[in-house]
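In the numbering used here, the protein residues as written are 144 to 349.
A virtual CB, placed ideally from N, CA and C, is assigned to each residue, including glycine.
These notes concern the structure reproduced below.
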Amino acid sequence: MDATFVLYPNMTALDFVGPYEVLGSVPVVSARFVAATLDPVRSDNGLVVTPTDTFASLKSTDIVVVPGSGHWRELLKDSGGVVEWLQEIHPTTKWTTSVCTGSTLLAEAGLVSRATTHWAARSDLSDRGVEVSEDRVVFDGKVVTGAGVSAGIDMALRLVEAEFGEMVAQAVQVGIEYDPQPPRAYDSIPASVAEGLKAAFESRQA
């Protein structure tokens with residue numbers, strides 16, 4: 144089974160590294176990394192990843208994982224071919240997934256009707272006609288979305304459970320020593336902190 148991770152400039156590394164470690168723990172899963180070209184791609188915090196395939200060469204895959212970015216609105220204006228490739232590849236997949244603001248790319252491609260995302264991008268999903276959930280992981284048919292950044296691990300574990308069963312998912316979880324705790328929600332922090340965070344995220348979109 145192929146799991147293909149989408150790469151593009153300024154992606155958030157943990158969005159795909161978390162699911163990569165989870166899915167890569169299943170022996171029958173092979174990882175691929177796809178981008179516009181085979182040139183190394185730099186994440187928003189400097190991690191450089193080398194693609195194995197290009198949008199032009201990869202025509203089918205079992206699983207797609209779309210990471211998000213702190214600059215998602217810029218990406219929505221010009222995705223560098225990501226949106227178009229998602230529209231082409233989606234009919235071939237068994238699962239099309241995203242983490243964090245990657246769900247806005249799925250929405251832009253018209254592939255999802257109900258999804259979750261990072262709290263800062265909820266309005267961008269809603270503006271694209273998507274029913275926005277605050278759940279950590281959301282299944283919408285074969286489309287699976289995870290909320291902000293670290294939720295990619297939860298999303299991938301749920302995906303392993305759906306594809307390979309509960310016992311395999313539990314083994315992977317113990318293997319990576321992941322002990323999920325209830326996350327601190329945006330709505331639960333002091334208003335002054337929330338306002339500062341929101342302003343910081345908005346400034347990235349300018």
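Between the beta-carbon of residue i and the beta-carbon of residue j, is there less than 8 Å?
i: Val149; j: Val208; result: yes
i: Ala252; j: Lys341; result: no
i: Val275; j: Leu166; result: no
i: Met144; j: Val172; result: yes
i: Gly308; j: His261; result: no
i: Arg347; j: Gly213; result: yes
i: Val287; j: Thr240; result: yes
i: Trp215; j: Thr180; result: no
i: Ala199; j: Ala174; result: no
Would you decide whether residue i is buried or exposed? Buried here means 16 or more other CB atoms lie within 10 Å of its CB.
i: Gln316; result: buried
i: Pro170; result: exposed
i: Ser186; result: buried
i: Met154; result: buried
i: Val177; result: buried
i: Thr235; result: exposed
i: Ser246; result: buried
i: Val336; result: exposed
i: Pro194; result: buried
i: Asp330; result: exposed
i: Gly189; result: exposed
i: Pro162; result: buried
i: Ala334; result: exposed
i: Gly339; result: exposed
i: Thr130; result: Beyond the ends of the chain as shown, which are 144 and 349, falls residue 130; an answer cannot be given.
In the DSSP output, what is residue i paired with across the bridge?
i: Met298; result: DSSP, once it has assigned bridges, lists no residue as partnering Met298.
i: Met154; result: Ser212
i: Val242; result: Gly289
Is DSSP giving residue i helix, strand or coil here?
i: Ala146; result: strand
i: Ala174; result: strand
i: Glu274; result: strand
i: Phe282; result: strand
i: Ile232; result: helix
i: Thr247; result: helix
i: Asp221; result: coil
i: Val169; result: coil
i: Ala258; result: strand
i: Asp267; result: helix
Following a CB-centred definition, is residue i positioned closer than 7 Å to any heavy atom of the ligand NAD?
i: Arg279; result: Because no ligand of any kind appears in the structure shown, any question about the ligand NAD cannot be addressed here.
For this session: Assess, as a yes-or-no matter, whether the region 152-162 is touched by the region 283-297 under the definition of 3 or more beta carbon pairs within less than 8 Å.
Result: yes
For this session: Please determine if the region 266-275 and the region 221-228 are in contact, where contact requires at least 3 C-beta pairs separated by less than 8 Å.
Result: no
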